[in-house]
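Undergrad: Dropping a structure here in structure tokens format, bear with me for questions.
Numbering (this note's numbering), first residue to last: 9 to 605.
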């Protein structure tokens, strides 16, 4: 028993195998127990190295799979300070997902409200203070096509030869070539295109003629009216001749027949056939001068009725039985009260500057005159601006109104430039009178209109401003004159005739300094009394001392320059009490050639 126990190893076979690898035996030959060999625990010999060129691959037929991407080393803890985001690459959307998104977008289009654009709306300030009626673009395009189809010369219209001679010898005597303006090409054929008869129709034809300032609206309605007037005279002569022949062939006169001279003895009653209404006495004189030029060649009688004439002159003029009467509404209405039948023979009535004649101050008087004209054939309303209030009134009173509107209505011509002077800036620092004088100095030194007197018109809003401004400008050696309702001896003054007349040669003054330049300039300070209809052909510069109250007044004031195709300039003074954005919108509209709102 003891012998068998001594032959057992001191440790288990596994531990013995591990110790033999770490500790070599002391003797050269080591005896390994039989059990250990059986378990494979003997010394392991290193396999003999074979070169790679001699080793054959056992994976020849196996395709190599894609190598996985190497994991990026994390240089900083928490994934901070990385150049690229550790995100999976974007996947291509599936076809089903794309179709679902398309269907959803189509459904949202019907209910989705458009997003608000951050872009500032055009002419924001003008739209907020809208005062004029707009004309659709489609109407403007149709009118342009019509104008291209119409004749381009006065000789193309069926006017009387005497009228054609008056145009060449009296109206356009100082021009080598003249042709009708767009409003004349649009209006003259329309007013002539009706059958002239001695009997009035059941309902008069009403027309609205609207065109930009300085476009020749006066001749546009005068020429066809005078043509129709002379045609009626010819028909009246034929009728009287036929009645005379019938009277000769009639049986003898009965003792009971009454002589017409016994019924209407004395002076014949005035029964004009053409009446032209104008709001001011200045416009009566201006239109009357054109009518007088035509009357010399065409042979008809015309008179003027305004506050510039005494009652005796007016009475004697009416006794001459005129064919054409140019008058203001108040004076004609007062005459109609004493002579109720004065408008009984009126066949053609013109309301020039209709926006004024149909406003609150003139509407009742104008309508009372229209009611008295019972035998009216044509009613012509003429204006350069159509306010929204006027458009609403005309649609109620005259639903069958024929509108003759040019494409450039409510547009200041692009040949007129607008300059804005901010009075609050240096060097004026709020001194408005100083800014006005400085602008006039610059106009005087301008090399334009060399050899002629420069005519400048300054507009103010209140007549209380005319006198102080005139005195200040006179203290600066500027040749200035004021014109308003309070001007002394206004009826005898010839102030407007100087500015509406032809060019005046400048006096010969030595030197070229500012003093000499001021001697060659004439300035008129006035209110809106001289802004409507006044034909200032030779005025190239207009200064708006006060910003107008509306775009209607702005169009009429700036329209005193650049008339009948000529160039002009308008200057406006703005300060901290002015809506500067509104003025800038007007300048942008003028630059783009669009109509004001």
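Quick reminder that beta carbons are idealized off the backbone N, C-alpha and C, glycines included. Just so we're clear, the structure is a prediction, and the values are computed from it rather than from any experiment.
1) Within its chain, find whatever has a CB closer than 6 angstroms to the CB of residue 312; leave out the 5 residues flanking it on each side and keep chain order.
2) Count the other CB atoms within 10 Å of the CB of residue 476; is the residue buried (16 or more) or exposed (fewer)?
3) For residue 554, name the three-state secondary structure that DSSP assigns.
4) Can you give me the Cβ contacts of residue 541 inside the same chain, cut-off strictly under 6 angstroms, excluding the 5 residues immediately before and after it?
5) Determine the closest residue to residue 390 out of 338, 305, 482, 286, with distance taken between C-alpha atoms.
6) Shortest alpha-carbon distance to residue 103 belongs to which of 97, 96, 111?
7) I need the straight-line Cα distance from residue 146 to residue 415, nearest angstrom please.
8) Is DSSP giving residue 295 helix, strand or coil here?
9) Just how far apart, CA to CA, sit residue 393 and residue 517?
10) Reducing DSSP to helix, strand and coil, say where residue 386 ends up.
11) Can you tell me which of 483, 482, 485, 504 puts its alpha carbon nearest to the alpha carbon of residue 491?
12) Using only CA atoms, which one of 186, 306, 583 lies nearest to residue 230?
13) Mind checking whether residue 234 and residue 175 have CB atoms under 8 angstroms apart?
14) Name the residue from 198, 181, 149 whose alpha carbon lies nearest to the alpha carbon of residue 165.
15) Can you tell which of 484, 325, 160 has its C-alpha closest to the C-alpha of residue 185?
16) Is the beta carbon of residue 589 closer than 8 angstroms to that of residue 419?
17) Work out the CA separation of residue 489 and residue 482 for me, nearest whole Å.
18) List the whole-angstrom C-beta distance separating residue 566 from residue 550, where the pair is believed to meet the contact cut-off of C-beta under 8 angstroms.
19) Kindly provide the ranges of any alpha helix (DSSP H) runs that are 4 or more residues long and lie completely inside the segment 513-552, ordered along the chain.
20) Would you kindly report the start and end of the unbroken alpha helix (DSSP H) that includes residue 560?
21) So, residue 570 versus residue 421, is the Cβ gap smaller than 8 angstroms?
22) Using the Cα positions of residue 113 and residue 150, report the straight-line distance between them to the nearest angstrom.
23) Give the range of the beta strand (DSSP E) segment to which residue 467 is assigned.
24) Counting only the same chain and skipping the five closest in sequence on each side, list residues whose C-beta sits under 8 angstroms from that of residue 7.
25) Buried or exposed: which applies to residue 107, given that a residue is buried once 16 or more other Cβ atoms fall within 10 Å of its Cβ?
26) State whether the segment 519-536 contacts the segment 441-458, with contact taken as three or more CB pairs (one from each stretch) at a distance under 8 angstroms.
27) Kindly indicate which residue of 224, 220, 351, 371 has the alpha-carbon position closest to the one of residue 192.
28) Residue range of the beta strand (DSSP E) that residue 427 falls in?
29) With a threshold of 7 angstroms on Cβ separation, who are the neighbours of residue 586 within its own chain once the five nearest residues in sequence on each side are excluded?
30) Expressed to the nearest angstrom, what Euclidean distance is found between the alpha-carbon atoms of residue 91 and residue 595?
31) Looking at the structure shown, is residue 572 part of a helix, part of a strand, or coil, going by DSSP?
32) Let's see if you can read the secondary structure: which residues bound the alpha helix (DSSP H) around residue 321?
33) May I ask you to list the residues that DSSP assigns as paired with residue 218?
34) Mind checking residue 273: buried by the 16 CB within 10 Å criterion, or exposed?
35) What's the gap between the Cα of residue 417 and the Cα of residue 404?
36) Considering only residues of the segment 141-214, which uninterrupted beta strand (DSSP E) runs meet the minimum length of 3 residues and lie entirely inside it, listed in chain order?
TA: This is what the structure holds:
1) For the purposes of this step, residue 312 is taken as the residue at position 304 of the chain shown. 292, 296, 334, listed in sequence order.
2) Start at 1 with the first residue of the chain shown, and residue 476 comes out as number 468. With fewer than 16 other Cβ atoms within 10 Å, it is exposed.
3) Taking the chain shown and counting its residues from 1, one reaches residue 554 at position 546. When DSSP states are grouped into helix, strand and coil, residue 554 belongs to the coil group.
4) As a working note, residue 541 is residue 533 in the chain shown. Contacts found: 291, 361.
5) One-based indexing of the chain shown puts residue 390 at position 382. Out of 338, 305, 482, 286, 286 has the C-alpha closest to the C-alpha of residue 390.
6) Residue 103 sits at position 95 when you count from the first residue of the chain shown. Of the listed residues, the one whose Cα sits closest to residue 103 is 111.
7) Along the chain shown, one-based indexing puts residue 146 at 138. Along the chain shown, one-based indexing puts residue 415 at 407. Cα-Cα distance, rounded: 10 angstroms.
8) On the chain shown, position 287 is the one that residue 295 refers to. Looking at residue 295 - three-state DSSP - the assignment turns out to be helix.
9) Within the chain shown, numbered from 1, the residue matching residue 393 stands at position 385. Within the chain shown, numbered from 1, the residue matching residue 517 stands at position 509. Each residue's Cα considered, the two are about 43 angstroms apart.
10) On the chain shown, residue 386 is found 378 positions in, with the first residue counted as 1. If DSSP states are grouped into helix, strand and coil, residue 386 belongs with the strands.
11) For the purposes of this step, residue 491 is taken as residue 483 along the chain shown, with counting starting at 1. Closest option to residue 491, Cα to Cα, is 504.
12) By one-based count along the chain shown, residue 230 stands at place 222. Looking at the Cα atoms, 306 is the closest of the given residues.
13) Numbered from its first residue, the chain shown carries residue 234 at position 226. Numbered from its first residue, the chain shown carries residue 175 at position 167. No, they are not a contact pair.
14) Along the chain shown, one-based indexing puts residue 165 at 157. Residue 198 is the option with its Cα nearest to residue 165.
15) Stepping through the chain shown from its first residue, residue 185 is reached at position 177. Residue 160 is the option with its Cα nearest to residue 185.
16) The residue you call residue 419 lines up with position 411 of the chain shown. The residue you call residue 589 lines up with position 581 of the chain shown. No, the Cβ-Cβ distance between residue 419 and residue 589 is not below 8 angstroms.
17) As a first step, residue 482 is located in the chain shown; it is residue number 474 there, counting from the start. As a first step, residue 489 is located in the chain shown; it is residue number 481 there, counting from the start. The alpha-carbon atoms of residue 482 and residue 489 are separated by roughly 9 angstroms.
18) Here residue 566 refers to the residue found at position 558 of the chain shown. Here residue 550 refers to the residue found at position 542 of the chain shown. About 6 angstroms separates the two Cβ atoms, so the contact holds.
19) For the alpha helix (DSSP H) assignment, the uninterrupted runs of no fewer than 4 residues enclosed by the segment 513-552 are, from N- to C-terminal side, 522-526.
20) Indexing the chain shown from 1 puts residue 560 at position 552. Looking at the DSSP string, the run of the alpha helix (DSSP H) that includes residue 560 is 559-566.
21) As a working note, residue 570 is residue 562 in the chain shown. As a working note, residue 421 is residue 413 in the chain shown. Contact: yes.
22) Your numbering for residue 113 matches position 105 in the chain shown. Your numbering for residue 150 matches position 142 in the chain shown. Computed Cα separation, rounded: 40 angstroms.
23) Numbered from 1 along the chain shown, position 459 holds the residue referred to as residue 467. Boundaries of the beta strand (DSSP E) around residue 467: 462-467.
24) In the structure as shown, the chain begins at 9 and stops at 605. Residue 7 is therefore absent and cannot be evaluated.
25) As a first step, residue 107 is located in the chain shown; it is residue number 99 there, counting from the start. For residue 107, the number of other beta carbons within 10 angstroms of its own is below 16, and it is reported as exposed.
26) yes
27) If you number the chain shown from 1, residue 192 lands on position 184. Restricting attention to 224, 220, 351, 371, the CA atom closest to the CA of residue 192 is found in 224.
28) As a first step, residue 427 is located in the chain shown; it is residue number 419 there, counting from the start. Element bounds for residue 427: 424-430.
29) Locating residue 586 in the chain shown gives position 578, counting from the first residue. These residues qualify, in order along the chain: 555.
30) The sequence position of residue 91 within the chain shown is 83, counting from 1. The sequence position of residue 595 within the chain shown is 587, counting from 1. Taking the straight line from one Cα to the other gives about 55 angstroms.
31) Against the chain shown, residue 572 aligns to sequence position 564. If DSSP states are grouped into helix, strand and coil, residue 572 belongs with coil.
32) Working through the chain shown from its first residue, we reach residue 321 at position 313. Residue range 319-327 is occupied by the alpha helix (DSSP H) that includes residue 321.
33) Reading the chain shown from its first residue, position 210 is the one you call residue 218. The partner list for residue 218 (beta bridge, DSSP) reads 391, 413.
34) As a first step, residue 273 must be located in the chain shown, where it is residue number 265. Caution applies to residue 273, whose pLDDT of 45 falls short of 50 and renders its modelled position unreliable; the value that the coordinates give is listed next. It is exposed - the Cβ of residue 273 has fewer than 16 other Cβ atoms within 10 Å.
35) Sequence index remark: in the chain shown, residue 417 carries index 409 (1-based). Sequence index remark: in the chain shown, residue 404 carries index 396 (1-based). Going from the Cα of residue 417 to the Cα of residue 404 covers about 22 angstroms.
36) none
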